[in-house]
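Residue numbers (the UniProt record's numbering): 1 to 427.
Written below as structure tokens is the structure these notes are about.
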């Protein structure tokens, strides 16, 4: 009986020892499993955090792109409004000048009519009193025409104003009034003096406009640099945050879950690439102006250039085209602002492809066509458009009327002004 008890006691003790010996590895395995699950949870949290950061980075990039695009549109609208305001001011000034011109012409006509009536009366009566009145009216007529010409002289109408003085001098002399040659010479000298002042003032205005334009371009460039610097700082902060999260994940995992780490690295690389592309993608815009211009002095009637500019003020592009490559400035018939300027330009080029002037070099955007046909095509592809049918071509028509002698006078004036500018620059 005692032996049986010992055997049972030995069995119980052995089972107990075996249980405790087997339980320690199980507990270690459970702790290991809990650690792995915690690591997995931490990696999931890090992955979610990086995903959230990536989404925030994408949102920030889209916001930056939208902000830059909105700024570009706003700048374009402001430039267009500024140009429209400038054109309205010019139009108002032109109306005032035209009104003054018509008033002066009416007064000159009345004087001329009265002068001719007095001449006819003098021929019939032969009295000295009528002759004196005729001479007085002839002098008043000449002085009034001279006064009008002096008020209306510009850098581009010297020939017209000089011819006007010649014509009125011939009229009063033909009517019997002996206009002194010295007075006619003095009138010419006065016109030349005022013409010189007008050319000098225009040169000064052009120089000031060039300086202002350069200042605006410098300011715009500085704003762009500052915006890119701010965006670079944002991108660097986002990159550092993603890098820090990746480093924490690397330290916590200590070599575990390599696949998740590779995914995190790929997400970081993708985030950095999105940020790198954010600024240039936002700056790419298709907003611009399609312009239709002509130059009858250079290419003749019925030839138009259809081009496109993304500049805030597209008139600068037109001015550049007429600076040195052609003898006369271009006349603008249409200036169309649209959200997809390259598409509208391409559509117009395709519509009029059979009317190209140069069929070999397709970059030469000149077409032999009418402005009404262009307007109809613009309405089909874009919508309603305002346009100028007839070109002004002021310099061309004035050049046709300018004699060699008048040209020599204007050349001397321009040489004098250029010499003055050269001396000022040297000082």
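Glycine included, every Cβ here is placed at the ideal spot set by N, Cα and C.
Note that this is a predicted model, so its numbers are computed, not measured.
First through last residue of the beta strand (DSSP E) which encompasses residue i
| i | result |
| --- | --- |
| residue 293 | 288-294 |
| residue 336 | 331-338 |
| residue 368 | 366-368 |
| residue 303 | 303-309 |
Segment limits, alpha helix (DSSP H) that includes residue i
| i | result |
| --- | --- |
| residue 158 | 158-174 |
| residue 399 | 394-401 |
| residue 374 | 371-381 |
| residue 345 | 341-351 |
| residue 317 | 315-321 |
Sequence-distant residues of the same chain with beta carbon closer than 8 Å to residue i, five excluded per side
| i | result |
| --- | --- |
| residue 160 | 398 and 401 |
| residue 347 | 377 and 381 |
| residue 417 | 196, 199, 200 and 203 |
| residue 327 | 297 and 298 |
| residue 317 | 291, 307, 309 and 311 |
| residue 352 | 306, 367, 369, 373, 374 and 377 |
| residue 507 | The question about residue 507 has no answer here: the residues shown for the chain are numbered 1 through 427. |
| residue 263 | 47 |
| residue 165 | 145, 146, 149, 184, 187, 188 and 191 |
| residue 423 | none |
Integer-rounded CB distance, given that residue j should sit under 8 Å from residue i
| i | j | result |
| --- | --- | --- |
| residue 289 | residue 314 | 4 Å |
| residue 169 | residue 138 | The Cβ separation is near 10 Å, so there is no contact. |
| residue 148 | residue 198 | The Cβ separation is near 15 Å, so there is no contact. |
| residue 156 | residue 395 | 6 Å |
| residue 179 | residue 188 | Actually they are not in contact, since the Cβ atoms of residue 179 and residue 188 sit about 13 Å apart, beyond 8 Å. |
| residue 371 | residue 303 | The pair is not a contact, with the Cβ atoms about 11 Å apart (cut-off 8 Å). |
| residue 192 | residue 409 | 6 Å |
| residue 177 | residue 135 | 5 Å |
Contact set for residue i: own chain, Cβ-Cβ below 7 Å, skip 5 residues either direction
| i | result |
| --- | --- |
| residue 385 | 334, 336, 375, 378 and 379 |
| residue 208 | none |
| residue 38 | none |
Sequence-distant residues of its chain with Cβ nearer than 6 Å to residue i (five each side left out)
| i | result |
| --- | --- |
| residue 354 | none |
| residue 362 | none |
| residue 358 | 364 |
| residue 345 | 290 and 308 |
Inter-residue Cα distance where the pair is residue i and residue j
| i | j | result |
| --- | --- | --- |
| residue 405 | residue 415 | 15 Å |
| residue 229 | residue 221 | 12 Å |
| residue 295 | residue 325 | 12 Å |
| residue 244 | residue 286 | 38 Å |
| residue 34 | residue 48 | 21 Å |
| residue 323 | residue 329 | 7 Å |
| residue 368 | residue 310 | 25 Å |
| residue 51 | residue 42 | 14 Å |
| residue 214 | residue 167 | 45 Å |
| residue 505 | residue 225 | The structure shown does not extend to residue 505, since the chain is modelled only from 1 to 427, so the question has no answer here. |
| residue 236 | residue 56 | 14 Å |
| residue 413 | residue 205 | 17 Å |
| residue 421 | residue 185 | 29 Å |
| residue 419 | residue 350 | 49 Å |
| residue 246 | residue 270 | 13 Å |
| residue 223 | residue 388 | 36 Å |
| residue 45 | residue 73 | 41 Å |
| residue 238 | residue 266 | 15 Å |
| residue 393 | residue 331 | 7 Å |
| residue 211 | residue 360 | 39 Å |
| residue 216 | residue 339 | 23 Å |
| residue 227 | residue 391 | 42 Å |
| residue 31 | residue 233 | 45 Å |
| residue 163 | residue 341 | 46 Å |
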